[in-house]
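Protein chains in written order, with the working numbering: chain A, 7 to 311; chain B, 3 to 258.
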């Protein structure tokens, strides 16, 4: 029995459930010599904004126990160069290319999506309303359900492509955020983005990151991501994409059992670029042993607490 | 670049806290060059999590081995210092840009500070093979921190110690000032070491009208240009990635 790996999101199909998370995989080409990009289910691009962004003050990264804290600040080439320089190579791949879209205002998000609509090769959009490292837009949108619903509705009106809203965990109740995205017409939600954290240099008596706080990712956040995926999966009827600290197939299977229909590997790719492909192979192996034929069946096997 | 499993051929203590690690270099991977680097996953555990970047200190094409010099400073380098001959290492490399060779007829002035010795020693070896005149300066705090001091001195390297316990008393930068008048536009400066030393070299080269190439250090996550984490400040405003545009830069490209 072979497993059906395909996942339907909106009006399109992901070839398999393992993608690589936005911000950890550049525009794909950076990793093409290290892994077979064709084996990935989806590449979620570095966030795309209307204008190029230089990013935040340095240093931008500090390692924490089983994690990293980052303050990159959406450094990216902007939508014009994304379309002319980055997308052509990505578009040749059989995996889904999902543009992660960010902006400081509703108008900026919409302008980016309008520009990207001209690119026939794009599979869909992941709306980044959860970046903790920018002053405007990002998480400022993502913590207010009314703004999320309104923004999602406006983008929904611009595109028929799969629309995924990436949720922040830095709220009292992430299900409120996910439900607002669903009400606005999102085809899926992805969770979680990074958790706000701080590391202090005790000799200098100031935060290591010039911005003060950064976003925590890596295996340290995995149990938080699994719990939030579990709760969100029960709160919405659209597919959930699980993200947070996936290093092994077992980690990914936890997300799938919790209710995720797909997953994204992020920080794990930095540690070992072969992890996304190994995760997919491990999921297939697990399902073979457990005689599970689809992701849906995996969901049904989960024993509710 | 290629990801492969290397076998450690030796892990030799050089001086207090300094080690030279020699490992097999995959035949299918591009050859190491001075200034380029590789990343190592130092353990299978999640602490430490990120791969660690290291510059090549040597490459032996006959033996098929590459080397690095490292200082035991934190958890990652502590684990590396405990590795033995026969252990394996998860390597990705070569990464980044190499030191460019000097234009024809020019000579090279190499400046290394502390652990910056690795890539500078590799560059010296490569330049000498090409019959390019090389003079080399090495600086560190005190005599006990000089990696393989005798072979360094034998190669004609000027050794500087902050406390004067060996060689010139003062920093490598202080030494440069003492030879300032003898250096002109026929020289190319190459430097790797602490940020203040690199800045001194950049300013020195500016005054003497010579080109200066520096290898910078920055915390890295991916090492391949994807994460934008290892940014360094560019002279023209904005940032460059140490892992892909660097780690070797013409010093005029950077903001000091």
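The C-beta atom is built at its ideal place from N, Cα and C for all residues, glycine as well.
Counting contacts by CB-CB distance shorter than 8 Å, is residue i in contact with chain D?
{"i": "residue 65 of chain A", "result": "In the structure shown, chain D does not exist; the protein chains are A and B."}
What in chain B is Cβ-close to residue i, meaning under 9 Å?
{"i": "residue 107 of chain A", "result": "Simply none; closest approach about 17 Å."}
{"i": "residue 30 of chain A", "result": "223, 224, 228 and 229"}
{"i": "residue 280 of chain A", "result": "5"}
{"i": "residue 40 of chain A", "result": "3, 4, 5, 94 and 226"}
What span of residues does the beta strand (DSSP E) with residue i cover, start to end?
{"i": "residue 24 of chain B", "result": "20-26"}
{"i": "residue 109 of chain B", "result": "109-115"}
{"i": "residue 140 of chain B", "result": "136-142"}
{"i": "residue 194 of chain A", "result": "194-197"}
{"i": "residue 185 of chain A", "result": "Counting along the chain, residue 185 of chain A falls outside any beta strand (DSSP E), though it belongs to the alpha helix (DSSP H) covering 180-189."}
{"i": "residue 277 of chain A", "result": "Counting along the chain, residue 277 of chain A falls outside any beta strand (DSSP E), though it belongs to the alpha helix (DSSP H) covering 273-277."}
{"i": "residue 221 of chain A", "result": "220-223"}
{"i": "residue 236 of chain B", "result": "No beta strand (DSSP E) holds residue 236 of chain B; DSSP gives it neither H nor E."}
{"i": "residue 73 of chain B", "result": "67-73"}
{"i": "residue 43 of chain B", "result": "39-43"}
{"i": "residue 252 of chain B", "result": "250-252"}
{"i": "residue 33 of chain B", "result": "Segment: none, residue 33 of chain B is in no beta strand (DSSP E) and carries neither H nor E."}
{"i": "residue 241 of chain B", "result": "241-243"}
{"i": "residue 217 of chain B", "result": "213-217"}
{"i": "residue 62 of chain B", "result": "60-62"}
{"i": "residue 55 of chain B", "result": "54-57"}
{"i": "residue 20 of chain A", "result": "18-20"}
{"i": "residue 325 of chain A", "result": "Here chain A has residues from 7 to 311 only, and residue 325 of chain A is not among them."}
{"i": "residue 226 of chain B", "result": "It is not in any beta strand (DSSP E) - residue 226 of chain B carries neither H nor E in the DSSP assignment."}
Could you spell out where the alpha helix (DSSP H) holding residue i opens and where it closes?
{"i": "residue 82 of chain B", "result": "77-83"}
{"i": "residue 128 of chain B", "result": "119-131"}
{"i": "residue 240 of chain A", "result": "228-241"}
{"i": "residue 256 of chain A", "result": "255-264"}
{"i": "residue 284 of chain A", "result": "281-295"}
{"i": "residue 172 of chain A", "result": "That residue, residue 172 of chain A, is in no alpha helix (DSSP H); its beta strand (DSSP E) goes 169-172."}
{"i": "residue 302 of chain A", "result": "301-306"}
Who are the Cβ neighbours of residue i in its own chain at under 6 Å, not counting the five residues just before and after it?
{"i": "residue 57 of chain B", "result": "39, 120 and 121"}
{"i": "residue 188 of chain A", "result": "242 and 244"}
Cutting at 8 Å between CB atoms, please list the residues of its own chain near residue i, excluding the five before and the five after it.
{"i": "residue 300 of chain A", "result": "9 and 10"}
{"i": "residue 18 of chain A", "result": "102, 129, 130, 167 and 168"}
{"i": "residue 204 of chain A", "result": "75, 213, 215, 218, 219 and 220"}
{"i": "residue 100 of chain B", "result": "35, 36, 37, 38 and 250"}
{"i": "residue 30 of chain B", "result": "4 and 6"}
{"i": "residue 49 of chain B", "result": "77"}
{"i": "residue 40 of chain A", "result": "279 and 280"}
Which residues in chain B sit within 7 Å of residue i, going by Cβ to Cβ distance?
{"i": "residue 71 of chain A", "result": "49"}
{"i": "residue 37 of chain A", "result": "226 and 228"}
{"i": "residue 60 of chain A", "result": "240 and 241"}
What residues from chain A crowd round residue i, counting only those whose CB sits closer than 9 Å?
{"i": "residue 93 of chain B", "result": "Here the premise fails: no neighbours, minimum Cβ distance about 11 Å."}
Which residues in the same chain have their Cβ closer than 7 Å to the Cβ of residue i, if we skip the five residues on either side of it in sequence?
{"i": "residue 11 of chain B", "result": "24, 25, 26, 67 and 87"}
{"i": "residue 232 of chain B", "result": "220, 221, 222, 243, 244 and 245"}
{"i": "residue 147 of chain A", "result": "135, 153, 154 and 157"}
{"i": "residue 259 of chain A", "result": "289 and 292"}
{"i": "residue 140 of chain A", "result": "79 and 80"}
Just the chain B side, please: which residues come within less than 8 Å of residue i by C-beta, in chain order?
{"i": "residue 81 of chain A", "result": "230, 233 and 241"}
{"i": "residue 76 of chain A", "result": "223, 229 and 231"}
{"i": "residue 250 of chain A", "result": "Neighbours of residue 250 of chain A on chain B: none; closest Cβ ~13 Å, over 8 Å."}
{"i": "residue 224 of chain A", "result": "48 and 51"}
{"i": "residue 253 of chain A", "result": "48"}
{"i": "residue 2 of chain A", "result": "This structure gives no information on residue 2 of chain A, because the portion of chain A shown stretches from 7 to 311."}
Could you tell me which residues DSSP pairs with residue i in its beta bridges?
{"i": "residue 68 of chain A", "result": "A/75"}
{"i": "residue 56 of chain A", "result": "Residue 56 of chain A pairs with nothing; no bridge assigned."}
{"i": "residue 202 of chain A", "result": "A/221"}
{"i": "residue 15 of chain B", "result": "B/21"}
{"i": "residue 310 of chain A", "result": "Answer is none; residue 310 of chain A lacks a bridge partner."}
{"i": "residue 212 of chain A", "result": "A/207"}
{"i": "residue 50 of chain A", "result": "A/104"}
{"i": "residue 263 of chain B", "result": "Because chain B spans 3 through 258 in this model, residue 263 of chain B falls outside it and cannot be assessed."}
{"i": "residue 256 of chain B", "result": "B/236"}
Going along chain A, which residues have a C-beta under 7 Å from residue i?
{"i": "residue 52 of chain B", "result": "69, 74, 276 and 277"}
{"i": "residue 183 of chain B", "result": "Ordered by position in chain A, no residue passes the 7 Å Cβ test against residue 183 of chain B, which lies about 36 Å from the chain."}
{"i": "residue 43 of chain B", "result": "277 and 278"}
Identify the contact partners of residue i in chain A, using a Cβ-Cβ distance below 8 Å as the criterion.
{"i": "residue 38 of chain B", "result": "Within chain A, no residue comes near residue 38 of chain B; the closest Cβ sits about 14 Å away, beyond 8 Å."}
{"i": "residue 75 of chain B", "result": "What residue 75 of chain B touches in chain A: nothing, since even the nearest Cβ is about 13 Å away."}
Report task. Could you tell me which uninterrupted beta strand (DSSP E) segments, each at least 3 residues in length, are contained entirely in the segment 85-163 of chain A, listed from first to last along the chain? Result -> For the segment 85-163 of chain A, the continuous beta strand (DSSP E) assignments of 3+ residues that do not extend past its boundaries occur at 102-107 and 130-134, in sequence order.
Report task. Jot down the residue ranges of each uninterrupted alpha helix (DSSP H) in the segment 139-208 of chain B, minimum 4 residues, whole runs only, in chain order. Result -> At a cut-off of 4 residues, the continuous stretches assigned as alpha helix (DSSP H) that sit fully inside the segment 139-208 of chain B are 151-156 and 174-180.
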